[in-house]
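Q: Let me give you the structure first, and then I'll get to my questions.
Number of protein chains: 2
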Amino acid sequence: MSEYIDQNQTGATIGIVEKQFFSFAAPPDKLNLEGGAGIGPVTLAYETCGFLNQDKSNVILVFHALSGDSHMAGYYDPKEPKPGWWDIMVGPGKGIDTDKYFVICSNIIGSCAGSMGPSSINLETGKAYGTDFPLITIGDMVEAQKALMDYLGIKSLLSVIGGSIGGMQALEWIVRYPGMVRSAIPLATTTRHSALAIAFNEVARQAIMADPNWNEGHYYSGKKPDMGLAIARMIGHITYLSDESMRKKFGRKLQNRSALSFEFGAEFQVESYLQHQGKKFIERFDANSFLYITKAADYFDLARQYGSGSLVKAF
Amino acid sequence: MSEYIDQNQTGATIGIVEKQFFSFAAPPDKLNLEGGAGIGPVTLAYETCGFLNQDKSNVILVFHALSGDSHMAGYYDPKEPKPGWWDIMVGPGKGIDTDKYFVICSNIIGSCAGSMGPSSINLETGKAYGTDFPLITIGDMVEAQKALMDYLGIKSLLSVIGGSIGGMQALEWIVRYPGMVRSAIPLATTTRHSALAIAFNEVARQAIMADPNWNEGHYYSGKKPDMGLAIARMIGHITYLSDESMRKKFGRKLQNRSALSFEFGAEFQVESYLQHQGKKFIERFDANSFLYITKAADYFDLARQYGSGSLVKAF
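If you read the protein sequences in the order shown, they are chains C and B.
So that you can map any letter, position 50 of the first sequence is 203 in the numbering used here, and since no number is skipped, the others follow by simple counting.
So that you can map any letter, position 90 of the second sequence is 243 in the numbering used here, and since no number is skipped, the others follow by simple counting.
And the structure:
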């Protein structure tokens, strides 16, 4: 199973994995959303690693962050240049040991990596939803994952694990299905965004919406709002590093030059880094998905929805 | 003199003041810039409050921040809705007491409030410079101010005072003209920007440059890059408040509603605040000036230019 060695040299990987799909809520059924709308049919892309044991007691559900996908570990293909996003953690003998656990990662609804989201085709119009897609919440993401668990016949989760928006899903799972979740590892996350976190997300959203190619969210048949999405990603990347780590990583070092150029353009290393992150992102992510997922994160407020102490009560 | 009462109810104001202009470096002369280019003729807008004493020993030079101007105190006109930006501090009996001191504030070069900058007309082409205007430094701003002091016959400054980019000018004055400056009050400033500060400025600049109306900086005869400038200002405003002050000021409070709307748009108060700041700014500021002044701030590095300990040596 472990014939492929991952590029981070972190030991054996799970090897070849498959991108799987699950669809539910086919009309006239619907997935009822917290905002009042209903959507269907709903498709989720997901990946599983390891084997389900006989009493189905070894299931770990992993959640990805904002821009992630279901491809958490291994390779779709021996020629794939790098493994899934958490290959360093999920694999045989690794932190989340696939020799012991059946590990599932599902792409969230609202995303653009195989699950239903604003870039999906609206069967009623034959065109992509764009901003006709209803706003979703972290709870809605969890409901879709619950439907996948039901489909797989899984009634108990040994652990729910994720970072950032993935951590919000872990927290939501605990409170929404306390009898089903035996443990949780929420990483780098919060029970609700501060004003500062909302501010960063809102400016990033405004950057996308200010791009004339955004076209009120209906851009799938034309030019995409790439410039706006790149700015949004750059704003995000500022928040992913601390002041201190940026000082250590970049300081005031110049990129490929020894003196100031007295021209606009990326001459400090930190400028070059941010521009690179922006450019890379537009090749793999959908601007509307960025809007929907950040909004879901801003809406998330465990105490508001379930009352204070809800996390404590759940255990 | 103190017949006008300012709107902040901070006591008497200096009353009516005048926007003055000073021009120098008329061709064939030039103001030689640190980047190697030369500009001329150079105009500065400035304001003075109080009276110069006989031995010219009571001069205080005040510097404005990024988006400020020379109008530091008083009113241009009795009908002006609010006084100059530092009326709370500069006036009779105030912190910077105009009964005692002759206080000067000059608009910086690169700005758009009367001094020479990218929106000025290039006499060689008859059109606004746009990005043909050369990059400037904090040192260049100080050289222009020095020319104004020479013109006014001022050989000694009792104090140099300013915040943010204005504080950088105060620091530059100390090191560049140590024999001329008797004291300095640099506020909320630094001897050089960290990687994080450069990162925020660069993303703001990218937002302007991503606006198709920016047109490589030559937009003065057409539509202005208002959307990009508004995003840039919103990014700036995030940095003007601390996490803690945003928590106190906004928290997760909603704007004019009691429940989430499940629509995009400003529903949290912090979102509404940022959008308001962005919209207000485009009415009064030039996008290219934002680019030039933030770049000058990022370039500022007192130790790199004058050696470490240069500030200590100056006193």
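Every residue, glycine too, gets a C-beta built ideally from N, C-alpha and C.
Remember, it's a predicted structure, so these values are computed and weren't measured experimentally.
Taking only beta-carbon atoms, is residue 415 of chain C less than 7 Å away from chain B?
A: It does; some Cβ of chain B falls within 7 Å.
Q: Just the chain B side, please: which residues come within less than 8 Å of residue 421 of chain C by C-beta, in chain order?
A: Correct list: 348, 351, 355 and 451.
Q: When burial is assigned at 16 or more other CB atoms within 10 Å of the CB, is residue 259 of chain C buried or exposed?
A: It counts as buried.
Q: Can the beta-carbon of residue 419 of chain C be found closer than 7 Å to that of residue 327 of chain C?
A: No, these two residues do not count as a Cβ contact at 7 Å.
Q: Helix, strand or coil for residue 352 of chain B per DSSP?
A: DSSP places residue 352 of chain B in helix when its eight states are reduced to three.
Q: The beta strand (DSSP E) spanning residue 288 of chain B covers which residue range?
A: Unbroken run through residue 288 of chain B: none, as it is neither H nor E.
Q: Could you name the residues of chain B that residue 332 of chain C contacts, counting a contact when the two beta carbons are closer than 8 Å?
A: Here the premise fails: no neighbours, minimum Cβ distance about 28 Å.
Q: Compute the Euclidean distance between the alpha carbons of residue 131 of chain C and residue 426 of chain C, then round it to the nearest angstrom.
A: Lying outside 154 to 468, the shown extent of chain C, residue 131 of chain C is not represented and no answer is given.
Q: Since residue 454 of chain B meets chain C, which of its residues come closer than 7 Å, beta carbon to beta carbon?
A: By Cβ distance, chain C contributes 405.
Q: Could you name the residues of the same chain whose beta carbon sits closer than 7 Å to that of residue 377 of chain B, not counting the 5 residues immediately before and after it, in chain order?
A: The residues are 366 and 440.
Q: So, with DSSP's three-state summary, where would you put residue 335 of chain C?
A: If DSSP states are grouped into helix, strand and coil, residue 335 of chain C belongs with coil.
Q: Who are the Cβ neighbours of residue 192 of chain B in its own chain at under 6 Å, not counting the five residues just before and after it?
A: For residue 192 of chain B, where only same-chain residues beyond five positions count, the Cβ hits under 6 Å are 184.
Q: Going by the beta-carbon positions, is the gap between residue 331 of chain C and residue 188 of chain C smaller than 7 Å?
A: Going by C-beta atoms, residue 331 of chain C is not nearer than 7 Å to residue 188 of chain C.
Q: Determine whether the beta carbon atoms of residue 404 of chain B and residue 350 of chain C lie at a separation below 7 Å.
A: Against a cut-off of 7 Å, the Cβ pair of residue 350 of chain C and residue 404 of chain B comes out as no contact.
Q: With 7 Å set as the bound, which would you pick, yes or no: does the beta-carbon of residue 296 of chain B sit closer than that to a beta-carbon of chain C?
A: No - not a single Cβ of chain C is within 7 Å of the one on residue 296 of chain B.
Q: Just to confirm, are residue 383 of chain B and residue 435 of chain B a CB contact at a threshold of 7 Å?
A: Taking 7 Å as the Cβ cut-off, residue 383 of chain B and residue 435 of chain B qualify as a contacting pair.
Q: May I have the straight-line CA-CA distance separating residue 309 of chain C from residue 251 of chain C, to the nearest angstrom?
A: Roughly 17 Å separates the two Cα atoms.
Q: Under 8 Å between beta-carbons, which chain B residues line up against residue 384 of chain C? List them in chain order, please.
A: Within 8 Å Cβ-Cβ: 356, 359, 360, 363 and 384.
Q: Look up residue 176 of chain C in the DSSP assignment and say whether it is helix, strand or coil.
A: Reduced to three states, the DSSP call for residue 176 of chain C is strand.
Q: Rounding to the nearest angstrom, what Cα-Cα distance links residue 297 of chain C and residue 264 of chain C in this structure?
A: For residue 297 of chain C and residue 264 of chain C, the distance between alpha carbons rounds to 13 Å.
Q: Along chain C, in chain order, which residues have C-beta atoms closer than 8 Å to that of residue 448 of chain B?
A: By Cβ distance, chain C contributes 417.
Q: Run through DSSP, which three-state label would residue 312 of chain C get?
A: Residue 312 of chain C falls in the strand class under three-state DSSP.
Q: Drop a sphere of 10 angstroms on the beta-carbon of residue 206 of chain B, count the other beta-carbons inside from all chains shown, and report buried for 16 or more, exposed for fewer.
A: Classification for residue 206 of chain B: exposed.
Q: What separation, rounded to the nearest whole angstrom, lies between the Cα atoms of residue 414 of chain C and residue 190 of chain B?
A: About 12 Å.
Q: Measure the C-alpha to C-alpha separation of residue 380 of chain B and residue 360 of chain B and round it to an integer number of angstroms.
A: Residue 380 of chain B and residue 360 of chain B: Cα-Cα distance of roughly 8 Å.
Q: For residue 387 of chain B versus residue 431 of chain B, is the C-beta spacing smaller than 7 Å?
A: Contact flag set, yes.
Q: Taking the alpha-carbon positions, what's the residue 304 of chain C to residue 424 of chain B distance?
A: Near 40 Å, if we compare the C-alpha coordinates of residue 424 of chain B and residue 304 of chain C.
Q: Can you find a C-beta in chain C that's less than 7 Å from the C-beta of residue 188 of chain B?
A: Output row for residue 188 of chain B: interface = yes.
Q: Could you name the residues of chain B that residue 399 of chain C contacts, counting a contact when the two beta carbons are closer than 8 Å?
A: Per Cβ cutoff of 8 Å: 347, 348, 349 and 352.
Q: Would residue 218 of chain B pass as a contact of residue 195 of chain B if the rule is Cβ separation under 7 Å?
A: No, the pair does not count as a contact, with Cβ atoms beyond the cut-off.
Q: Going by beta carbon distance, what residues of the same chain come within less than 8 Å of residue 447 of chain C, once the five residues before and after it are set aside?
A: Excluding positions up to five away in sequence, the list reads 219, 354, 357 and 358.
Q: From the DSSP output, which residues share a beta bridge with residue 168 of chain C?
A: BP columns for residue 168 of chain C are empty, so no partner.
Q: Give me the chain C residues within the contact set of residue 270 of chain B, using Cβ-Cβ distance strictly less than 7 Å, ordered along the chain.
A: Within chain C, no residue comes near residue 270 of chain B; the closest Cβ sits about 15 Å away, beyond 7 Å.
Q: By DSSP, does residue 374 of chain C sit in helix, in strand, or in coil?
A: Reduced to three states, the DSSP call for residue 374 of chain C is coil.
Q: Going along the chain, which residues of the segment 240-252 of chain C sit with their C-beta nearer than 8 Å to a C-beta in chain B?
A: The segment 240-252 of chain C vs chain B, Cβ under 8 Å: nothing.
Q: Of all the options B:293, B:346 and B:273, which has the alpha carbon lying nearest to the alpha carbon of residue 372 of chain B?
A: It is B:273 whose Cα lies nearest to the Cα of residue 372 of chain B.
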